[in-house]
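The structure under discussion appears below in the form of C-alpha coordinates.
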Amino acid sequence: MPNNFPFSAIVGQDQMKQAMILTAIDPTIGGVLVFGDRGTGKSTAVRALAALLPEISVIDGCPVNSEFSREVPDWAQNVSKTSVMRQTPVVDLPLGVSEDRVTGALDIERALTKGEKAFQPGLLARANRGYLYIDEVNLLEDHIVDLLLDVAQSGENLVEREGLSIRHAAKFVLVGSGNPEEGELRPQLLDRFGLSVEVSSPADIEQRVSVIERRDAFERNPKKFIQKWAPEEAKVRNAILAARAALKSIKSPKKILRDCAELCVNLGADGLRGELTLLRASRALAAYEGKPTVENTHLRSIAPLALSHRLRRDPLDEAGSGARVERAVSEILG
(Lines of atoms letter the chains of each structure in order from A and count residues from 1; the text may use other names and numbers.)
(Lines give C-alpha, C1' and ligand atoms only; values in the text may rest on other atoms or scores of the structure.)
Protein backbone atom coordinates (compact mmCIF):
# COMPACT_ATOMS: atom_id res chain seq x y z
CA MET A 1 0.00 0.00 0.00
CA PRO A 2 1.50 3.37 -0.99
CA ASN A 3 2.38 5.92 1.65
CA ASN A 4 -0.31 8.60 1.44
CA PHE A 5 0.05 11.99 3.06
CA PRO A 6 -2.19 11.94 6.18
CA PHE A 7 -5.56 13.61 5.69
CA SER A 8 -5.49 15.26 9.10
CA ALA A 9 -2.04 16.76 8.38
CA ILE A 10 -3.31 18.83 5.42
CA VAL A 11 -2.94 22.50 6.38
CA GLY A 12 -6.01 24.71 5.94
CA GLN A 13 -8.46 23.97 3.09
CA ASP A 14 -11.12 23.33 5.74
CA GLN A 15 -14.10 23.51 3.37
CA MET A 16 -12.54 21.00 0.98
CA LYS A 17 -11.76 18.59 3.81
CA GLN A 18 -15.24 19.03 5.29
CA ALA A 19 -16.92 18.35 1.92
CA MET A 20 -14.91 15.17 1.41
CA ILE A 21 -15.62 13.92 4.93
CA LEU A 22 -19.36 14.46 4.41
CA THR A 23 -19.36 12.41 1.18
CA ALA A 24 -17.50 9.65 3.05
CA ILE A 25 -20.30 9.64 5.64
CA ASP A 26 -23.10 9.73 3.07
CA PRO A 27 -22.08 8.95 -0.55
CA THR A 28 -25.61 9.84 -1.76
CA ILE A 29 -24.66 13.51 -1.32
CA GLY A 30 -23.23 13.22 -4.81
CA GLY A 31 -19.51 13.93 -4.85
CA VAL A 32 -17.32 17.01 -4.65
CA LEU A 33 -16.19 19.57 -7.21
CA VAL A 34 -13.02 21.47 -6.26
CA PHE A 35 -12.05 24.53 -8.30
CA GLY A 36 -8.88 26.48 -7.68
CA ASP A 37 -5.17 26.95 -8.11
CA ARG A 38 -2.77 24.18 -8.96
CA GLY A 39 -0.82 22.73 -6.08
CA THR A 40 -3.46 23.35 -3.42
CA GLY A 41 -3.74 19.74 -2.30
CA LYS A 42 -6.82 18.64 -4.27
CA SER A 43 -5.59 15.21 -5.39
CA THR A 44 -3.65 14.77 -2.13
CA ALA A 45 -6.87 15.21 -0.13
CA VAL A 46 -8.78 12.60 -2.18
CA ARG A 47 -6.11 9.94 -1.80
CA ALA A 48 -5.52 10.82 1.84
CA LEU A 49 -9.21 10.45 2.69
CA ALA A 50 -9.49 7.09 0.91
CA ALA A 51 -6.40 5.85 2.78
CA LEU A 52 -7.87 7.06 6.07
CA LEU A 53 -11.18 5.23 5.62
CA PRO A 54 -11.56 1.67 6.92
CA GLU A 55 -10.68 -1.05 4.42
CA ILE A 56 -13.60 -2.58 2.55
CA SER A 57 -14.40 -6.28 2.31
CA VAL A 58 -14.33 -7.55 -1.30
CA ILE A 59 -14.60 -10.96 -2.94
CA ASP A 60 -11.06 -11.92 -3.93
CA GLY A 61 -10.57 -11.52 -7.67
CA CYS A 62 -13.86 -9.69 -8.30
CA PRO A 63 -13.22 -6.95 -10.90
CA VAL A 64 -15.95 -4.67 -9.46
CA ASN A 65 -15.08 -4.97 -5.77
CA SER A 66 -18.27 -6.87 -4.87
CA GLU A 67 -18.86 -7.36 -1.16
CA PHE A 68 -20.84 -10.61 -1.50
CA SER A 69 -20.55 -13.60 -3.85
CA ARG A 70 -24.11 -13.07 -5.09
CA GLU A 71 -23.10 -9.62 -6.38
CA VAL A 72 -20.19 -10.87 -8.54
CA PRO A 73 -21.07 -10.39 -12.25
CA ASP A 74 -21.64 -13.57 -14.25
CA TRP A 75 -18.94 -12.58 -16.75
CA ALA A 76 -16.22 -12.34 -14.09
CA GLN A 77 -13.53 -15.05 -14.29
CA ASN A 78 -11.07 -16.50 -11.77
CA VAL A 79 -13.07 -15.21 -8.82
CA SER A 80 -12.75 -17.01 -5.48
CA LYS A 81 -15.47 -17.38 -2.85
CA THR A 82 -13.36 -15.88 -0.08
CA SER A 83 -13.31 -12.27 1.04
CA VAL A 84 -10.26 -10.07 1.47
CA MET A 85 -9.82 -6.59 2.92
CA ARG A 86 -8.78 -3.83 0.50
CA GLN A 87 -8.18 -0.11 0.72
CA THR A 88 -11.03 2.03 -0.60
CA PRO A 89 -10.22 2.40 -4.32
CA VAL A 90 -9.31 5.75 -5.87
CA VAL A 91 -9.32 5.64 -9.67
CA ASP A 92 -8.01 8.46 -11.89
CA LEU A 93 -9.91 9.24 -15.06
CA PRO A 94 -7.39 10.95 -17.39
CA LEU A 95 -8.24 13.53 -20.04
CA GLY A 96 -8.42 12.12 -23.57
CA VAL A 97 -9.42 8.69 -22.27
CA SER A 98 -11.34 6.47 -24.71
CA GLU A 99 -14.89 5.35 -24.04
CA ASP A 100 -13.83 1.68 -23.98
CA ARG A 101 -11.21 2.45 -21.32
CA VAL A 102 -13.90 4.05 -19.15
CA THR A 103 -16.72 1.54 -19.59
CA GLY A 104 -14.77 -1.59 -20.48
CA ALA A 105 -14.73 -3.52 -23.76
CA LEU A 106 -16.43 -6.64 -25.07
CA ASP A 107 -14.43 -9.25 -26.99
CA ILE A 108 -16.90 -9.63 -29.86
CA GLU A 109 -14.92 -12.33 -31.71
CA ARG A 110 -14.72 -14.57 -28.65
CA ALA A 111 -18.37 -13.99 -27.86
CA LEU A 112 -19.47 -14.96 -31.38
CA THR A 113 -17.12 -17.93 -31.89
CA LYS A 114 -17.22 -19.46 -28.39
CA GLY A 115 -20.46 -18.04 -27.04
CA GLU A 116 -18.66 -16.61 -24.02
CA LYS A 117 -19.18 -13.17 -22.52
CA ALA A 118 -15.56 -12.03 -22.59
CA PHE A 119 -15.34 -8.59 -21.03
CA GLN A 120 -12.36 -6.43 -20.17
CA PRO A 121 -13.46 -4.20 -17.26
CA GLY A 122 -12.81 -0.47 -17.42
CA LEU A 123 -12.20 2.35 -14.97
CA LEU A 124 -15.83 2.38 -13.81
CA ALA A 125 -15.53 -1.23 -12.65
CA ARG A 126 -12.38 -0.45 -10.64
CA ALA A 127 -14.00 2.62 -9.05
CA ASN A 128 -17.08 0.79 -7.76
CA ARG A 129 -17.47 1.34 -3.98
CA GLY A 130 -14.69 3.93 -4.08
CA TYR A 131 -13.76 7.26 -5.63
CA LEU A 132 -13.50 8.32 -9.28
CA TYR A 133 -11.17 11.31 -9.50
CA ILE A 134 -11.08 13.60 -12.55
CA ASP A 135 -8.44 16.31 -12.67
CA GLU A 136 -9.28 19.23 -15.00
CA VAL A 137 -12.83 17.92 -15.22
CA ASN A 138 -13.87 21.08 -17.10
CA LEU A 139 -11.73 19.93 -20.06
CA LEU A 140 -13.34 16.48 -20.28
CA GLU A 141 -14.75 15.55 -23.70
CA ASP A 142 -18.53 15.83 -24.08
CA HIS A 143 -19.18 12.16 -24.91
CA ILE A 144 -17.35 11.07 -21.75
CA VAL A 145 -19.34 13.63 -19.75
CA ASP A 146 -22.60 12.18 -21.12
CA LEU A 147 -21.46 8.68 -20.25
CA LEU A 148 -20.59 9.67 -16.67
CA LEU A 149 -23.95 11.42 -16.26
CA ASP A 150 -25.79 8.22 -17.22
CA VAL A 151 -23.76 6.02 -14.88
CA ALA A 152 -23.89 8.49 -11.98
CA GLN A 153 -27.68 8.57 -12.34
CA SER A 154 -28.23 4.81 -12.50
CA GLY A 155 -25.33 3.48 -10.41
CA GLU A 156 -24.83 0.88 -13.12
CA ASN A 157 -22.56 0.60 -16.16
CA LEU A 158 -24.11 -0.93 -19.28
CA VAL A 159 -21.96 -1.88 -22.28
CA GLU A 160 -23.73 -2.97 -25.48
CA ARG A 161 -21.98 -4.14 -28.66
CA GLU A 162 -23.34 -6.10 -31.63
CA GLY A 163 -26.46 -7.21 -29.76
CA LEU A 164 -24.50 -8.31 -26.70
CA SER A 165 -24.75 -6.52 -23.38
CA ILE A 166 -22.78 -6.48 -20.15
CA ARG A 167 -23.75 -4.67 -16.97
CA HIS A 168 -22.21 -4.20 -13.57
CA ALA A 169 -22.54 -2.01 -10.49
CA ALA A 170 -20.75 1.35 -10.72
CA LYS A 171 -21.42 3.29 -7.54
CA PHE A 172 -18.69 5.74 -6.64
CA VAL A 173 -18.08 9.17 -5.18
CA LEU A 174 -17.21 11.49 -8.06
CA VAL A 175 -14.52 14.03 -7.26
CA GLY A 176 -13.57 16.59 -9.88
CA SER A 177 -11.02 19.37 -9.81
CA GLY A 178 -9.96 22.07 -12.18
CA ASN A 179 -9.10 25.68 -12.84
CA PRO A 180 -12.13 27.80 -13.91
CA GLU A 181 -9.86 29.99 -16.03
CA GLU A 182 -9.20 27.02 -18.35
CA GLY A 183 -12.84 26.46 -19.30
CA GLU A 184 -16.33 26.16 -17.88
CA LEU A 185 -18.05 22.97 -16.82
CA ARG A 186 -21.21 21.85 -18.63
CA PRO A 187 -24.30 22.71 -16.52
CA GLN A 188 -25.52 19.09 -16.60
CA LEU A 189 -22.29 17.80 -15.04
CA LEU A 190 -21.96 20.79 -12.72
CA ASP A 191 -25.38 20.04 -11.25
CA ARG A 192 -24.44 16.38 -10.75
CA PHE A 193 -21.82 17.24 -8.13
CA GLY A 194 -23.38 17.44 -4.69
CA LEU A 195 -20.93 19.93 -3.18
CA SER A 196 -18.55 22.47 -4.68
CA VAL A 197 -15.56 24.18 -3.10
CA GLU A 198 -13.22 26.94 -4.23
CA VAL A 199 -9.67 26.61 -2.94
CA SER A 200 -6.71 28.96 -3.18
CA SER A 201 -3.09 29.07 -2.12
CA PRO A 202 -2.82 30.33 1.48
CA ALA A 203 -1.89 34.00 1.77
CA ASP A 204 -0.83 33.71 5.41
CA ILE A 205 2.95 33.29 5.73
CA GLU A 206 2.75 31.09 8.84
CA GLN A 207 0.29 28.78 7.13
CA ARG A 208 2.55 28.47 4.08
CA VAL A 209 5.49 27.68 6.37
CA SER A 210 3.43 24.92 7.99
CA VAL A 211 2.65 23.45 4.56
CA ILE A 212 6.36 23.40 3.67
CA GLU A 213 7.39 21.93 7.02
CA ARG A 214 4.88 19.10 6.92
CA ARG A 215 5.47 18.21 3.28
CA ASP A 216 9.23 18.24 3.77
CA ALA A 217 8.99 16.07 6.88
CA PHE A 218 6.74 13.61 5.01
CA GLU A 219 9.10 13.35 2.03
CA ARG A 220 12.17 12.88 4.25
CA ASN A 221 10.66 10.10 6.36
CA PRO A 222 7.13 9.05 5.31
CA LYS A 223 6.87 6.22 7.83
CA LYS A 224 7.80 8.41 10.81
CA PHE A 225 5.49 11.23 9.67
CA ILE A 226 2.54 8.85 9.19
CA GLN A 227 3.12 7.34 12.64
CA LYS A 228 3.18 10.82 14.19
CA TRP A 229 -0.22 11.66 12.70
CA ALA A 230 -1.77 8.22 13.31
CA PRO A 231 -3.71 9.32 16.45
CA GLU A 232 -5.29 12.25 14.57
CA GLU A 233 -6.14 9.99 11.65
CA ALA A 234 -7.80 7.56 14.05
CA LYS A 235 -9.92 10.37 15.52
CA VAL A 236 -11.23 11.38 12.08
CA ARG A 237 -11.81 7.75 11.06
CA ASN A 238 -13.72 6.97 14.25
CA ALA A 239 -15.82 10.13 13.88
CA ILE A 240 -16.73 9.14 10.31
CA LEU A 241 -17.68 5.61 11.40
CA ALA A 242 -19.77 6.95 14.29
CA ALA A 243 -21.50 9.40 11.95
CA ARG A 244 -22.31 6.64 9.47
CA ALA A 245 -23.89 4.60 12.26
CA ALA A 246 -25.88 7.57 13.56
CA LEU A 247 -27.01 8.93 10.18
CA LYS A 248 -30.37 7.16 10.03
CA SER A 249 -31.37 8.40 13.46
CA ILE A 250 -30.65 12.10 12.80
CA LYS A 251 -33.89 14.12 12.91
CA SER A 252 -34.76 16.77 10.33
CA PRO A 253 -37.53 19.04 11.66
CA LYS A 254 -40.16 20.44 9.30
CA LYS A 255 -38.73 23.92 9.93
CA ILE A 256 -35.38 22.77 8.54
CA LEU A 257 -37.05 21.35 5.42
CA ARG A 258 -38.88 24.67 4.93
CA ASP A 259 -35.62 26.60 5.32
CA CYS A 260 -33.96 24.39 2.69
CA ALA A 261 -36.81 25.05 0.25
CA GLU A 262 -36.87 28.81 0.95
CA LEU A 263 -33.12 29.10 0.38
CA CYS A 264 -33.34 27.37 -2.99
CA VAL A 265 -36.38 29.37 -4.11
CA ASN A 266 -34.74 32.62 -3.01
CA LEU A 267 -31.60 31.78 -5.03
CA GLY A 268 -33.50 30.51 -8.07
CA ALA A 269 -31.85 27.08 -7.98
CA ASP A 270 -33.24 24.78 -10.69
CA GLY A 271 -34.94 21.52 -9.73
CA LEU A 272 -35.01 19.92 -6.29
CA ARG A 273 -31.48 18.52 -6.23
CA GLY A 274 -30.27 21.57 -4.30
CA GLU A 275 -32.71 21.04 -1.41
CA LEU A 276 -31.98 17.33 -1.20
CA THR A 277 -28.22 17.84 -1.24
CA LEU A 278 -28.45 20.61 1.36
CA LEU A 279 -30.51 18.37 3.63
CA ARG A 280 -28.33 15.26 3.20
CA ALA A 281 -25.07 17.15 3.75
CA SER A 282 -26.47 19.02 6.79
CA ARG A 283 -27.65 15.72 8.24
CA ALA A 284 -24.20 14.19 7.68
CA LEU A 285 -22.59 17.20 9.37
CA ALA A 286 -24.93 16.89 12.36
CA ALA A 287 -24.00 13.20 12.63
CA TYR A 288 -20.29 14.01 12.42
CA GLU A 289 -20.66 16.57 15.21
CA GLY A 290 -22.62 14.10 17.35
CA LYS A 291 -25.83 16.16 17.25
CA PRO A 292 -29.19 14.31 17.20
CA THR A 293 -30.99 16.93 15.08
CA VAL A 294 -30.17 19.09 12.06
CA GLU A 295 -29.91 22.71 13.15
CA ASN A 296 -29.68 26.11 11.47
CA THR A 297 -25.95 26.19 12.09
CA HIS A 298 -25.58 23.12 9.88
CA LEU A 299 -27.55 24.76 7.06
CA ARG A 300 -25.40 27.89 7.37
CA SER A 301 -22.22 25.84 7.08
CA ILE A 302 -23.41 23.68 4.18
CA ALA A 303 -25.39 26.17 2.04
CA PRO A 304 -22.33 27.69 0.25
CA LEU A 305 -21.03 24.19 -0.59
CA ALA A 306 -24.38 22.78 -1.76
CA LEU A 307 -25.84 25.76 -3.62
CA SER A 308 -23.12 28.08 -5.01
CA HIS A 309 -22.61 26.03 -8.20
CA ARG A 310 -26.36 25.68 -8.87
CA LEU A 311 -27.17 29.36 -9.36
CA ARG A 312 -28.08 30.93 -12.66
CA ARG A 313 -25.90 33.81 -13.71
CA ASP A 314 -27.42 37.20 -12.98
CA PRO A 315 -25.83 39.91 -15.20
CA LEU A 316 -27.38 42.60 -12.97
CA ASP A 317 -25.78 41.22 -9.82
CA GLU A 318 -22.04 41.75 -9.66
CA ALA A 319 -21.69 39.68 -6.48
CA GLY A 320 -20.31 36.17 -6.93
CA SER A 321 -22.42 33.10 -6.27
CA GLY A 322 -20.86 32.66 -2.83
CA ALA A 323 -21.88 36.18 -1.80
CA ARG A 324 -25.41 35.60 -3.12
CA VAL A 325 -25.73 32.43 -1.03
CA GLU A 326 -24.48 34.22 2.09
CA ARG A 327 -26.99 37.01 1.50
CA ALA A 328 -29.86 34.52 1.14
CA VAL A 329 -28.75 32.67 4.27
CA SER A 330 -28.78 35.93 6.25
CA GLU A 331 -32.25 36.85 4.96
CA ILE A 332 -33.88 33.46 5.63
CA LEU A 333 -32.02 32.08 8.62
CA GLY A 334 -31.56 35.44 10.33
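In terms of the working numbering, the sequence shown opens at residue 733 and continues consecutively. We put the CB at the ideal spot given by N, CA and C, even for glycine.
>> Once DSSP output is grouped into helix, strand and coil, what is the label at L1010?
In response: Under the three-state reduction of DSSP output, L1010 falls in the helix class.
> Where R1032 and A975 are concerned, what is the direct C-alpha to C-alpha distance, given to the nearest angstrom?
Replying inline: One C-alpha to the other measures close to 19 Å.
> With 16 as the cutoff for other CB atoms within 10 Å, does E1050 come out buried or exposed?
Replying inline: With a pLDDT of 47 at E1050, under the threshold of 50, the modelled position of this residue cannot be trusted, and the question is left open.
>> Rounded to the nearest angstrom, what separates K1077 and P963 at their Cα positions?
In response: Absent from the model: residue 1077. The displayed extent of the chain is 733 to 1066, so no value can be given.
> So L754 packs on L921, CB below 8 Å; how close in whole Å?
Replying inline: Between the beta-carbon of L754 and that of L921 there is about 20 Å, and that puts the pair past the 8 Å contact cut.
> The alpha helix (DSSP H) spanning N1028 covers which residue range?
Replying inline: That run of the alpha helix (DSSP H) goes N1028 to L1039.
> Per DSSP, what kind of secondary structure is E888 in: helix, strand or coil?
Replying inline: Note: E888 maps to strand in three-state DSSP.
>> Buried or exposed for E1021, going by 16 or more other Cβ atoms inside 10 Å?
In response: So E1021 ends up on the exposed side.
> With distances taken from CA atoms, which of P805, A780, E945 and L825 is nearest H900?
Replying inline: For H900, the nearest C-alpha among the options comes from P805.
>> Quick check on this structure: which residue in G828, V941, A1001 and T1025 has the alpha carbon closest to the alpha carbon of S1040?
In response: Sorting G828, V941, A1001 and T1025 by C-alpha distance to the C-alpha of S1040 places A1001 at the top.
>> Let me make sure I understand the geometry here. Which of L881, E1063, A850 and L890 has the alpha-carbon closest to that of C996?
In response: Looking at L881, E1063, A850 and L890, the one whose alpha-carbon comes closest to that of C996 is E1063.
> How would you call S909, buried or exposed, if buried means at least 16 neighbouring beta carbons within 10 angstroms?
Replying inline: With 16 or more neighbouring CB atoms inside 10 Å of its own CB, S909 falls in the buried class.
> Just how far apart, CA to CA, sit E930 and G744?
Replying inline: Rounded to whole angstroms, E930 to G744 spans 13 Å at the Cα level.
> Are S789 and S815 closer than 7 Å when you measure CB to CB?
Replying inline: Contact flag set, yes.
> Bridge partners of G763, per DSSP?
Replying inline: Per DSSP, G763 has no beta bridge partner at all.
> Rounded to a whole number of angstroms, what is the C-alpha to C-alpha distance between V764 and R1042?
Replying inline: Cα-Cα distance, rounded: 13 Å.
>> Suppose you measure from the CA of W961 to the CA of I742; what does that come to, to the nearest Å?
In response: Each residue's alpha carbon lies about 11 Å from the other.
>> Tell me the rounded alpha-carbon separation between L1048 and G768.
In response: Bear in mind that a pLDDT of 42 at L1048, under 50, signals an unreliable position, so the model cannot answer this.
>> If distances are taken between C-alpha atoms only, which option among T835, A859, G862 and N860 comes closest to F851?
In response: If you compare the alpha carbons of T835, A859, G862 and N860 with that of F851, the shortest gap goes to T835.
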